[in-house]
Amino acid sequence: MPIKEQLKQSLIFAFWFMILTFPIMVIKVNTIHNTIVFRWANLLWVGVLSFFASWLWNYFLRRTEARKKSDVDEDVPLIHQLLQNNRFRRPFLGLLAAFFIAYPFVFPMYHTSIMISALVYVMLGLGLNIVVGLAGLLDLGYVAFYAVGAYAYALLNLHFGLSFWMVLPLSALLGTMFGILLGYPVLRLRGDYLAIVTLGFGEIIRIVLENWDEFSNGPRGISDIPAPTFFGHQFNQDNTMIYIYFIVIALVLMTIFFVNRLENSKIGRAWIALRDDEIACQAMGIDKFKTKLTAFALGATWAAMGGVIFAAKTSYINPMSFTIWESITILCVVVIGGMGSAVGVIAGALVLILLPEYLRAVAEYRMLVFGALQVIVMVFKPDGLIKSVRKVYTFKTSQEPQQEKIAHGTHT
Amino acid sequence: MEPILNVKNLTMKFGGLKALDDVSIAIEKGQIAALIGPNGAGKTTFFNCITGIYDPTGGEVQITPPGKNTQSLKGLKPNYVTERGVARTFQNIRLFHGMTVLENVMIGRHCRLSSGIIKAMLKPPSQREEEKKAVYDSYEILEKIGLDKYVNEMAVNLPYGAQRRLEIARALATEPFLLLLDEPAAGMNPQETKELDDLILWLRDNENLTILLIEHDMKLVMSLSDWIHVVDYGKKIAEGTPKEIKANPDVIKAYLGEESDDA
Ligand SMILES: Nc1ncnc2c1ncn2[C@@H]1O[C@H](COP(=O)(O)OP(=O)(O)O)[C@@H](O)[C@H]1O
Ligand SMILES: [Mg+2]
């Protein structure tokens, strides 16, 4: 498009936006003195800013379009290139490991605490990624399983004195069980219907927790949840935080390890097939119902374990921690990070959870920012920040399959 | 000997519409049979009823796999039909676009693999062995079908004709004895159609498959088929050898007369 056209388009947009925001940005009614103040300077600001915003938006949009057209095999995300390249992989992973090991010792407790939250979201994101990203089931009630884990630890500890280390594996089982229990009746549904019903289930769990006083202590929640011990040894407060930090790191590594294996196995392929085409998937001999249920159940497993960590870290839980907004935040992590892409989800969790913590000004508008981000990502990078890549197999022609490695593949 | 596929009095109603009305078709082992008829005659619906995508309103669907007893497919879910050895392709291509060509074929191996979730997570030697074999078998199928050069491409990036062949490759991976092809030549150029012709003959002769195909390309149908069934408005109006069908006045009236060269 010629530059004149571009300018015209942006000018029209700016003008339209000035009219649109005129009542709130320019007119100010002073009800005490019954006067109206016109803040014309604001109008100028709105005009200039929206002009540049529109111009930038169009610029990037054109660039995205051009790239899409120019070649089908879009570039492999940088991070995958790094991980794939033997020369870079080791130093890269080494640096990453060094950073995460040094982190709690270098930075004050406050930062460690925030990082723990972010890492819990990595777990949650990877779990939900199985359900939404791989199996294509839009689950808006994912937080229910997070609550199951947190309350499992709080209650089992309160009533039976079970320790963190006993509850952690138990919660994984409980999460799986709840996943099957809730999944069974809703999995006949698809798409929007599934989303609505899971949303309902998520809310039901929260409302039950809020109202069933004898069971969950209602809205007052449960306090004095003990931190994990190290072979019976209880650390002081600061060291406990560091300890939990390393527990989460270990759990995240475990999650990545298992999820990666699942993704490239018979069951993982079945999930993707189900997402891509339900009818063809069944015609390939895949049991639709079983496949959906396993995705639901395995997704729930990680959420429940995340819940245990959350309870142990905050030492206090109440139903307000498990609202629909939590589900939506986790969904944002998956969608913005890159559906079906583990690396993307990890990046998404770190960005979306850490950013609002450090940019306090943004924190209040968290959901607004997420929404805007969602739109921007969908327009410019529909596959998410870091899109998924499929495993590539190499062959010596008509010989045994060789060592496999990751390379590129486009995703439409 | 029992026919390999024996469909008796199959009826499928959609509300007031009888898409299939009392259709009986028997396919012998080793046959290449064709199902033809004008658009909307009920051919795809016939496939959907056999493969469990629709539950037929009435009638019976029986198979007799080589060396096994006769069994009914009626009311079975699609995945069980596939497990019992009946595979199909789709008229409107239904590949898994988020996966590579190889993975598309590996999906076909799904029902022949045994490793479950626990094994996928722990990867014991048996699972590794099985995965390796699945990759190898799938690659072998791609070689046979002539798609091995695309092995790591994303399925959507393939040329149209190759996508149709990939659907066949994927169906083969399920180890069928009966293959149902729904308009496999649709959208192919003459060269691709010729190659498809060879491929179908090769499948019958070397893979011991029985094949039932729906096709509009009359040249392909007449040269390939041993036996042809004709449906019109959900009713079967004729069956016979290509020669007989060509001469059948009912068929000419219903189908060949109107759109004899519909590709
Ligand atoms: N799921 C369905 N619901 C309602 N009508 C259908 C459905 N599937 C097919 N039909 C109808 O059944 C008839 C036969 O369709 P189809 O089997 O696709 O024809 P063909 O494959 O021979 O061209 C058509 O009139 C079609 O509209
Ligand atoms: Mg059809």
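From first to last, the protein sequence lines stand for chains Z and H. Residue 0 is where the first sequence starts when you use numbering that gives the first Met the number 0, and the numbers rise one by one after that. Residue 0 is where the second sequence starts when you use numbering that gives the first Met the number 0, and the numbers rise one by one after that. Glycine is no exception: its CB is placed at the ideal position from the N, C-alpha and C atoms.
Less than 7 angstroms between C-beta atoms, sequence neighbours within five positions excluded: which residues of the same chain meet that for residue i?
i	result
Gly305 (chain Z)	Val119, Met122, Leu123, Tyr145 and Gly148
Arg274 (chain Z)	Leu133, Ala134 and Gly135
Asp225 (chain H)	Gln30, Ile31 and Ala32
Asp54 (chain H)	Gly74
Indicate, with yes or no, if ligand 2 has a heavy atom lying under 8 angstroms from the CB of residue i.
i	result
Ile213 (chain H)	yes
Glu265 (chain H)	Given that chain H is displayed from residue 0 to residue 262, the structure contains no residue 265 (chain H) and the question cannot be resolved.
Thr240 (chain H)	no
Thr88 (chain H)	no
Thr43 (chain H)	yes
Quick check on the burial criterion: 16 or more other C-beta atoms within 10 angstroms. Buried or exposed for residue i?
i	result
Phe13 (chain H)	exposed
Ala346 (chain Z)	buried
Gly74 (chain H)	exposed
Leu121 (chain H)	exposed
Trp39 (chain Z)	exposed
Pro183 (chain H)	buried
Thr197 (chain Z)	buried
Phe46 (chain H)	buried
Pro77 (chain H)	buried
Phe321 (chain Z)	buried
Gly51 (chain H)	buried
Pro318 (chain Z)	buried
Ala249 (chain Z)	exposed
Ile18 (chain Z)	exposed
Excluding the 5 residues preceding and the 5 following residue i in the sequence, name in chain order all residues of the same chain whose CB lies nearer than 6 angstroms to its CB.
i	result
Asp249 (chain H)	Ile236 and Ala237
Asp136 (chain H)	none
Leu81 (chain Z)	Phe87 and Phe91
Gly186 (chain H)	Tyr159
Checking the sheet assignment: what are the DSSP bridge partners for residue i?
i	result
Gly239 (chain H)	H:Ile227
Glu59 (chain H)	H:Lys7
Ala134 (chain Z)	Bridge partners of Ala134 (chain Z): none, in fact.
Leu180 (chain H)	H:Leu212
Thr99 (chain H)	H:Met153
Ile221 (chain Z)	Z:Ile316
Ala33 (chain H)	H:Leu212 and H:Ile227
Gln126 (chain H)	DSSP, once it has assigned bridges, lists no residue as partnering Gln126 (chain H).
Val75 (chain Z)	Val75 (chain Z) pairs with nothing; no bridge assigned.
Leu16 (chain H)	H:Phe13
Does DSSP put residue i in a helix, in a strand, or in coil?
i	result
His232 (chain Z)	strand
Asn29 (chain Z)	strand
Ala133 (chain H)	helix
Thr34 (chain Z)	strand
Val22 (chain H)	strand
Ala172 (chain H)	coil
Arg87 (chain H)	strand
Ile52 (chain H)	coil
Lys118 (chain H)	helix
Lys28 (chain H)	coil
Thr290 (chain Z)	helix
Lys252 (chain H)	helix
Ser71 (chain H)	strand
Phe394 (chain Z)	strand
Lys234 (chain H)	strand
Val388 (chain Z)	coil
Tyr79 (chain H)	helix
Arg164 (chain H)	helix
Ile144 (chain H)	helix
Below 8 angstroms CB to CB, which residues in the same chain sit around residue i once its five sequence neighbours on both sides are set aside?
i	result
Gly190 (chain Z)	Leu137
Leu200 (chain H)	Ile31 and Leu223
Leu384 (chain Z)	Ile335, Gly336, Gly337, Gly343, Ala346, Gly347, Val350 and Val376
Lys17 (chain H)	Thr10, Met11 and Gly233
Leu367 (chain Z)	none
Phe12 (chain Z)	Ser49, Phe50 and Ser53
Tell me whether residue i counts as near ligand 1, meaning its Cβ is closer than 8 angstroms to at least one heavy atom of that ligand.
i	result
Phe51 (chain Z)	no
Tyr244 (chain Z)	no
Ala18 (chain H)	yes
Gly263 (chain H)	Nothing in the structure corresponds to residue 263 (chain H), since chain H is present only between 0 and 262.
Val130 (chain Z)	no
Ile229 (chain H)	Looking at the sequence shown, residue 229 (chain H) is not Ile but Val. Result no, Cβ not under 8 angstroms from ligand 1.
Gly39 (chain H)	yes
Gly186 (chain H)	no
Answer yes or no: the CB of residue i versus the heavy atoms of ligand 4, is any distance below 8 angstroms?
i	result
Leu154 (chain Z)	Only ligand 1 and ligand 2 can be found as ligands here, which leaves ligand 4 out of the picture.
Indicate whether at least one CB of chain C lies closer than 9 angstroms to the CB of residue i.
i	result
Ser170 (chain Z)	The displayed structure is made up of protein chains Z and H, and chain C is not among them.
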